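Heads up: the sequence shown begins at 132 in this note's numbering, then just goes up one per residue.
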Amino acid sequence: MSVRIHKPALLDRLPAGHQVIEASAGTGKTYTLQRLVADQVLAGIPLERILVVTFTDKATQELLTRIREYLQKLLDQRESDIETPFWEVDDLGRERLAKALRGFDRATISTIHGFCRQVLQEAALEGKTLFDRELVDARSLFERAFRHALAHTFSQVPDHRLILEASLAQGGRVEAIEEELWSVHNDGGVLLPTFATWETWIGALDLDWFRDPTALLATWKAAGVNANTLRAASEGLACLGAG
Ligand SMILES: Nc1ncnc2c1ncn2[C@@H]1O[C@H](COP(=O)(O)OP(=O)(O)O)[C@@H](O)[C@H]1O
Ligand SMILES: [Mg+2]
Numbered sequence: 132m133s134v135r136i137h138k139p140a141l142l143d144r145l146p147a148g149h150q151v152i153e154a155s156a157g158t159g160k161t162y163t164l165q166r167l168v169a170d171q172v173l174a175g176i177p178l179e180r181i182l183v184v185t186f187t188d189k190a191t192q193e194l195l196t197r198i199r200e201y202l203q204k205l206l207d208q209r210e211s212d213i214e215t216p217f218w219e220v221d222d223l224g225r226e227r228l229a230k231a232l233r234g235f236d237r238a239t240i241s242t243i244h245g246f247c248r249q250v251l252q253e254a255a256l257e258g259k260t261l262f263d264r265e266l267v268d269a270r271s272l273f274e275r276a277f278r279h280a281l282a283h284t285f286s287q288v289p290d291h292r293l294i295l296e297a298s299l300a301q302g303g304r305v306e307a308i309e310e311e312l313w314s315v316h317n318d319g320g321v322l323l324p325t326f327a328t329w330e331t332w333i334g335a336l337d338l339d340w341f342r343d344p345t346a347l348l349a350t351w352k353a354a355g356v357n358a359n360t361l362r363a364a365s366e367g368l369a370c371l372g373a374g
């Protein structure tokens with residue numbers, strides 16, 4: 132017995148081969164993926180040879196549920212649809228659907244990182260890497276690295292220790308420092324001054340106007356900088372130049 136089941140016209144308009152479906156929420160990505168997978172299964176591609184990946188755990192769970200439900204729906208349908216185009220589902224098609232459902236646990240429908248992890252694990256021998264890998268998020272790794280640096284560097288290396296102590300003495304908290312460093316790390320920024328004492332930092336700049344700020348002050352004056360500000364800047368620069 133063969134049943135005609137409506138197949139979205141979109142499927143025939145998609146180019147053959149690997150597909151990326153990218154669209155806003157609620158626009159029908161999962162809907163399309165359910166039908167793409169069914170289309171391949173009906174064409175005789177075993178489900179375990181199809182790779183379906185998405186970004187989040189939540190989207191993965193939804194994909195799993197909805198793909199399974201959709202395959203089951205096609206398998207159970209007994210009445211022909213009248214809309215075209217359609218899949219002609221016969222005994223062979225139903226056998227393919229049933230087989231996909233029986234082996235559904237072997238389907239690779241996962242997050243992108245979950246899939247990468249699976250590949251690394253399966254290729255552990257070729258890649259000479261560990262069999263047992265743990266999937267951790269970057270933030271908790273950063274916390275571990277920070278705690279390590281705190282114990283072995285920030286509190287031990289004299290220059291670092293000076294800055295750490297100064298920060299704590301001013302009411303800084305270790306958690307806040309960690310949070311600050313994490314945001315710098317994430318934004319790809321650079322923390323200035325680098326962990327060195329001010330003296331070495333300023334020495335490294337080697338700017339002549341610390342020693343003779345006349346030209347710099349003249350530029351500021353020409354730019355209309357307030358006289359009091361100029362005087363304060365002049366004194367400040369003189370101190371740094373002498374240091
Ligand atoms: N072409 C379509 N025809 C009918 N219903 C659709 C179509 N595309 C999406 N839907 C419905 O719209 C809703 C959102 O689609 P969904 O695939 O979950 O979106 P996305 O995965 O992009 O967030 C679902 O209820 C889905 O069944
Ligand atoms: Mg979705």
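In this text, a Cβ means the ideal position worked out from N, Cα and C, and glycines have one as well. This structure is a prediction, so every number in the text was calculated from the model and none was measured.
Secondary structure at residue 314: helix, using DSSP grouped into helix, strand and coil. 9 Å or more divides the Cβ of residue 227 from the Cβ of residue 183.
Sorted by position in the chain, 156, 157, 158, 159, 160, 161 and 162 make up the residues whose C-beta lies under 5 Å from a heavy atom of ligand 1.
Membership of residue 277 in any beta strand (DSSP E) is not indicated; the residue belongs instead to the alpha helix (DSSP H) covering 269-280.
Taken atom to atom, the span from the alpha-carbon of residue 218 to that of residue 135 is near 6 Å. Under the 8 Å Cβ criterion, the segment 195-205 counts as touching the segment 167-181, having at least three qualifying pairs.
Shortest gap from the CB of residue 194 to any heavy atom of ligand 2: under 8 Å. Residue environment analysis places residue 213 among the exposed positions, since fewer than 16 neighbouring C-beta atoms fall within 10 angstroms of its C-beta. For residue 241, no alpha helix (DSSP H) segment is defined; the enclosing uninterrupted segment is the beta strand (DSSP E) at 239-242.
For residue 162, the closest of 303, 198, 283 and 143 by C-alpha to C-alpha distance is 198. Buried is the label assigned to residue 240, since at least 16 other Cβ atoms lie within 10 Å of its Cβ.
For residue 229, the Cβ stays outside the 8 Å cut-off from all heavy atoms of ligand 2.
DSSP places residue 182 within a strand segment (E or B) once states are collapsed to three.
For residue 219, the uninterrupted beta strand (DSSP E) segment begins and ends at 217-220. Taking non-hydrogen atoms of ligand 2 into account, the C-beta of residue 190 is found less than 8 Å away from one of them.
Among the bridge pairs identified by DSSP, residue 135 is matched with 219. Around the beta carbon of residue 258, fewer than 16 other beta carbons sit within 10 angstroms, so the residue counts as exposed. Assigned with DSSP and collapsed to three states, residue 250 falls in helix. Residue 261 and residue 249 have their C-alpha atoms roughly 12 Å apart.
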